[in-house]
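Novice:
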Amino acid sequence: MNKKKILLLSFATVPLLSPIVVSAASNNDPNNKKPELDPNFGEFESEAKKTISSTIEDGLKAIINYLQVQQQRLLENKELEFKLKIQQLIYLKNLETFLTKNKEEIQKDPNKYGIYLNTPLILGKEKNHDLQDIDYEGDLFKSIKTGKTDPLDYKKAILPKGSVKEVAKDQLNAVKKDKYYQFLKKYKSDFLKEVNKLFFNEKDVLNIDKDVELIRDKNGVFSTTLPKGFKSWDEYFISKFKVRITKFDLKQNQETNEAEQKEEKNPDSLPDLKPLVDGDKTSHLTKEQEKNLIQSLPLLVPFISSNNLPSSLSQIKSQFDSLDASKRQELFYFNNPINTRYKYSVFSFDISGNDIINLKVHISDNINPKLERTYLIEKYTPSQDKYFNLLKETEIKSISEIFKPLYKGLGLDEKLDYNKLRNGYLRKALLAMIDSALQMSFKADKDSYSAISNKILQKYWVKLQEDKTNTKKLLEEFGKTIRYTFFSYLNSLVVNNIYFWTTIAKAYNLVQLQFSEALKFNEKFIKTNLAEIKGNENVLRELFLLNKQLNYKFTALISQRDFNQEKWYSDYLELLSGIKHNFDLLSNLASNISIKANKEEKENFNKAYLEAVNVLNKNYLEQRKIIKKLGTSFIVISLIIIITNIIIFALLKNLKLKKKVIIINSVILAIALLILIIGGLLFI
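Just so you know, the sequence shown maps onto residues -24 to -1, 1 to 660 in mature numbering (1 follows the signal peptide of the UniProt record, and there is no 0).
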């Protein structure tokens, strides 16, 4: 077998190795306990029926209200083409009429109207269920729990084109009471979140002259003919929302199975960290996601620390074998300044001439030490040049100094516990930024960061060789150059079709929308909690609006690149951390937890409220400073104009055009005095 030597010249040239042996630690702890029916199973069916009934009732109220609002918006829209407006208005009104007219009947017999909310009853009624793969309207739903009889067997729900494939029969329903009640709560919550999309889709709107004909009665009221191929509007509406609602239920059903499988594989519960915004189900990394992250890491090779050079490889090997495990790692370093959640360590190695052979590298997760991975590098030739390694260490440090404050601004340290973000949008954004920055670093074409940084490194390596008395100064200069270069590449980097620095801003906007919804849903809790501490409702409202303004400012800053890179990044980080801090305050203040009987929650709420007041006061004072500066400018400008006018009056004593000039100057003087007054008022 041919063995290739690997020459490492810079951070960006570190390759993704093809190790001979790769192994990751796995935690297989099969739970062999025989499943049993929950002793409280008898209560489940009635709870299922209550949930289905309240879900449909609340859902109908929500969708009818939504349809009315949409009609009003269309009526107020003066720019929309008449034909488009009328066909949408007719459709929305017909759908609203259908749902309003049949509201009570739908609640009594939802299946008759194409609404199959089966999963709550399957889990709450069937002691034994079957598992089926269901292919329905272009989607395959795996291992769906089904009942034995109509409607819980889904046969009517997936008519006319759905198909089923049996996976297993007579599976004991081992769902536990707490899990079942959690599921019911989630099921209803998810349905209400999606209810508008379930009942109405713009694609359902029929085109006039194509799908239907426009009719105008003798009173001038517009309507349309029946949809082609349908006997009634009711039939058409049901055919549309039935598919979406059935798919919703099948998806919920499938997720229960996936959750059970994950629970069996990963019995450890998630950290008890409250989501940033109530109801965010994606705020934490799952065990499976954590495993995938460590498996996707680049396989790096170690460099020899400059502190141990010049030393021969045999000396380094001797030292390594004589030291304890923690001290051994000081002999090496890895090019990992970005994804600092993971620690790379040299486990063992041998020497063959100028080559390191049989090198075992161990990766561990700083947050979850149980997750680990080991790989073997058969052979490579490390650089034993002291100046090269000094430059390499400086490069890594310079890049880490870009990312450390970014993480800190989001409330994280170098260990990168993504769960501390407590929000799915923020976690996904940061993971995407880290991943794209790593890919940019490893890219190796002629215009890549890798190629440019190699040239810079080689240039400074020559300088260090020629001037060994100015090592510190040259390393500082090199570090600044590398930082500027890496930062420039980040500026032009695109992540999921948006620029690198915009990724967090976009996530912040989504979190802001989440809080907008939370403030509405939790209004009763918020008012009660504020009354408990004698707080002012305006504080919460103003904090939300302030953060909205800061978000706009943040987005605007990103689009305005400053020639002073350091100043720009400092402003970026200040806004980043300020917005995150305000989100943390809103998280405590806009929750759905009552503080009345909970001393700890009350203390946290009160603390967050006082800090919110402090933030608003600080912002007010900062705005006053800006206004006063503006006032000073106005006063200075007006005084200059006044003095100039006095001089002009003096110079124009004997001119014939004196009258006209006096009139003009008087106007200018009046304007100047007005500016002076405005400037003075700004100080009040």
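Cβ atoms here follow ideal geometry from the backbone N, Cα and C, with glycine treated the same way.
#1: What is the DSSP secondary structure of Gln536, counted as helix, strand or coil?
#2: Around the Cβ of Gly258, are there at least 16 other Cβ atoms within 10 angstroms (buried) or fewer (exposed)?
#3: Using three-state DSSP, classify Lys391 as helix, strand or coil.
#4: Give the range of the alpha helix (DSSP H) segment to which Lys362 is assigned.
#5: List the DSSP bridge partners of Leu347.
#6: Per DSSP, what kind of secondary structure is Asp331 in: helix, strand or coil?
#7: Pick out whichever of Leu307, Leu335, Ser290 and Ser272 has its Cα sitting closest to the Cα of Tyr318.
#8: Keeping to the same chain, check which residues put their C-beta closer than 7 Å to that of Val143; ignore five residues upstream and five downstream.
#9: I'd like the list of long-range same chain contacts for Lys267, defined as Cβ closer than 7 Å, with 5 residues on each side in sequence excluded.
#10: With three or more beta-carbon pairs closer than 8 Å as the criterion, would you say the stretch 423 to 443 touches the stretch 507 to 514?
#11: Indicate the three-state DSSP secondary structure (helix, strand or coil) for Val591 in the structure shown.
#12: Considering only DSSP beta bridges, list what Thr200 is partnered with.
#13: Tell me which residues share the same chain as Gln44 and place their Cβ nearer than 8 Å to its Cβ, disregarding the 5 neighbours each side in the sequence.
#14: Measuring alpha carbon to alpha carbon, tell me which residue in Tyr212, Asp361 and Ile458 is nearest Ser281.
#15: From Ser429, Asn467 and Leu128, pick the residue whose C-alpha is nearest to that of Gly455; which is it?
#16: Name the residue from Glu587, Thr478 and Phe559 whose alpha carbon lies nearest to the alpha carbon of Asp254.
#17: Looking at C-beta atoms only, is the number of pairs between the stretch 363 to 374 and the stretch 452 to 471 that lie closer than 8 Å three or more?
#18: For Asn229, I'd like the list of residues in its chain whose CB is within less than 8 Å of its CB, leaving aside the five on either flank, ordered along the chain.
#19: Whose C-alpha, out of Phe325, Glu80 and Lys54, is nearest the C-alpha of Ser30?
#20: State the Cα-Cα distance for the pair Thr357 and Lys380, rounded to the nearest angstrom.
#21: Under the DSSP definition of a beta bridge, which residues are partnered with Asn233?
#22: According to DSSP, simplified to helix, strand and coil, what is Glu499?
#23: Does the beta-carbon of Arg459 have 16 or more other beta-carbons within 10 angstroms, so that it is buried, or is it exposed?
#24: Report the three-state DSSP secondary structure of Val140 (helix, strand or coil).
#25: Can you tell me the Cβ-Cβ gap for Leu565 and Tyr585, rounded? I've got them flagged as a contact below 8 Å.
#26: In terms of residues, what are the limits of the beta strand (DSSP E) holding Asn512?
#27: So what does DSSP say about Lys145, is it helix, strand or coil?
#28: If you run the structure through DSSP and keep just helix, strand and coil, what is Ser22?
#29: Is Tyr356 helix, strand or coil by DSSP?
#30: Taking the C-alpha atoms as reference points, what is the distance between Val219 and Asn87?
#31: Apply the 10 Å Cβ neighbour rule to Ala24 and answer buried if 16 or more other Cβ atoms are within range, or exposed otherwise.
#32: If Asp421 and Ala427 are in contact, beta carbons under 8 Å, what's the gap, nearest whole angstrom?
#33: Can you check DSSP and say which residues form a bridge with residue 664?
#34: So is Val470 buried or exposed if we call it buried at 16+ other beta carbons inside 10 Å?
#35: What residues in its chain sit with their C-beta under 7 Å from that of Leu36, if we drop five residues either side in the sequence?
#36: How many Å lie between Val(-4) and Tyr351 at the Cα?
Specialist: Concretely, from the data shown:
#1: The residue given as residue 536 occupies position 560 in the sequence shown. Gln536 falls in the coil class under three-state DSSP.
#2: Reading the sequence shown from its first residue, position 282 is the one you call residue 258. One detail in the question is off: residue 258 reads as Thr in this sequence, not Gly. It counts as exposed.
#3: Translated into the one-based positions of the sequence shown, residue 391 becomes position 415. DSSP places Lys391 in coil when its eight states are reduced to three.
#4: As a position in the sequence shown, residue 362 is number 386, starting the count at 1. Taken as a continuous stretch (DSSP letters only), the alpha helix (DSSP H) holding Lys362 covers Lys362 to Gly385.
#5: By one-based count along the sequence shown, residue 347 stands at place 371. Answer is none; Leu347 lacks a bridge partner.
#6: Here residue 331 refers to the residue found at position 355 when the sequence shown is read from its first residue. If DSSP states are grouped into helix, strand and coil, Asp331 belongs with the strands.
#7: Here residue 318 refers to the residue found at position 342 of the sequence shown. Just measuring C-alpha positions, the residue of Leu307, Leu335, Ser290 and Ser272 sitting nearest Tyr318 is Ser272.
#8: Position 167 of the sequence shown holds residue 143. Only Leu107, Gln108, Asp109 and Ser119 meet the Cβ criterion.
#9: Residue mapping note: residue 267 aligns to position 291 of the sequence shown, counting from 1. The answer, listed in chain order, is Leu347.
#10: Note that the stretch 423 to 443 does not touch the stretch 507 to 514; fewer than 3 beta-carbon pairs, one per stretch, sit closer than 8 Å.
#11: By 1-based counting over the sequence shown, the position of residue 591 is 615. In the three-state DSSP reduction, Val591 falls in the helix class (H, G or I).
#12: As a position in the sequence shown, residue 200 is number 224, starting the count at 1. Thr200 pairs with Leu190.
#13: If you number the sequence shown from 1, residue 44 lands on position 68. Result list for Gln44: Glu72, in chain order.
#14: What you label residue 281 is simply residue 305 of the sequence shown in a count that begins at 1. The shortest C-alpha separation from Ser281 is found at Asp361.
#15: As a position in the sequence shown, residue 455 is number 479, starting the count at 1. It is Ser429 whose Cα lies nearest to the Cα of Gly455.
#16: The residue labelled residue 254 in the question sits at position 278 within the sequence shown. The shortest Cα separation from Asp254 among Glu587, Thr478 and Phe559 belongs to Phe559.
#17: yes
#18: One-based indexing of the sequence shown puts residue 229 at position 253. If we look at Asn229 and ignore the five residues flanking it on each side, its Cβ neighbours are Asn94, Thr95, Ile98, Phe117, Ile120 and Lys121.
#19: Along the sequence shown, read from residue 1 onward, the residue named residue 30 stands at position 54. It is Glu80.
#20: Start at 1 with the first residue of the sequence shown, and residue 357 comes out as number 381. Start at 1 with the first residue of the sequence shown, and residue 380 comes out as number 404. Thr357 and Lys380: Cα-Cα distance of roughly 31 Å.
#21: Position 257 of the sequence shown, counted from the start, is the residue given in the question as residue 233. None; Asn233 has no bridge partner.
#22: Stepping through the sequence shown from its first residue, residue 499 is reached at position 523. Helix, per DSSP.
#23: For the purposes of this step, residue 459 is taken as the residue at position 483 of the sequence shown. With 16 or more other Cβ atoms within 10 Å, it is buried.
#24: On the sequence shown, position 164 is the one that residue 140 refers to. Three-state DSSP puts Val140 in a strand.
#25: Taking the sequence shown and counting its residues from 1, one reaches residue 565 at position 589. Taking the sequence shown and counting its residues from 1, one reaches residue 585 at position 609. Their Cβ separation, rounded to whole angstroms, is 6 Å, which keeps Leu565 and Tyr585 in contact under 8 Å.
#26: Position 536 of the sequence shown, counted from the first residue, corresponds to residue 512. Taken as a continuous stretch (DSSP letters only), Asn512 belongs to no beta strand (DSSP E), as it is neither H nor E.
#27: Your numbering for residue 145 matches position 169 in the sequence shown. The answer is strand: DSSP assigns Lys145 an E or B state.
#28: For the purposes of this step, residue 22 is taken as residue 46 along the sequence shown, with counting starting at 1. Ser22 falls in the helix class under three-state DSSP.
#29: For the purposes of this step, residue 356 is taken as the residue at position 380 of the sequence shown. In the structure shown, Tyr356 sits in a strand (DSSP, three-state: E or B).
#30: Residue mapping note: residue 219 aligns to position 243 of the sequence shown, counting from 1. Residue mapping note: residue 87 aligns to position 111 of the sequence shown, counting from 1. Rounded to the nearest angstrom, the two C-alpha atoms are 12 Å apart.
#31: Taking the first residue of the sequence shown as 1, we reach residue 24 at position 48. Answer is buried; the Cβ neighbour count reaches 16.
#32: For this step, residue 421 is matched to residue 445 along the sequence shown. For this step, residue 427 is matched to residue 451 along the sequence shown. Yes, they are in contact, since the Cβ atoms of Asp421 and Ala427 sit about 7 Å apart, within 8 Å.
#33: Only positions -24 to 660 of the chain appear in the structure, and residue 664 is not among them; the question remains open.
#34: For the purposes of this step, residue 470 is taken as the residue at position 494 of the sequence shown. Val470 should be labelled exposed.
#35: Locating residue 36 in the sequence shown gives position 60, where the first residue counts as 1. Cβ within range, chain order: Leu75, Lys79 and Ile82.
#36: Here residue -4 refers to the residue found at position 21 when the sequence shown is read from its first residue. Here residue 351 refers to the residue found at position 375 when the sequence shown is read from its first residue. Note that Val(-4) has pLDDT 34, beneath the 50 cutoff, so the model's placement of it is unreliable and no number is given.
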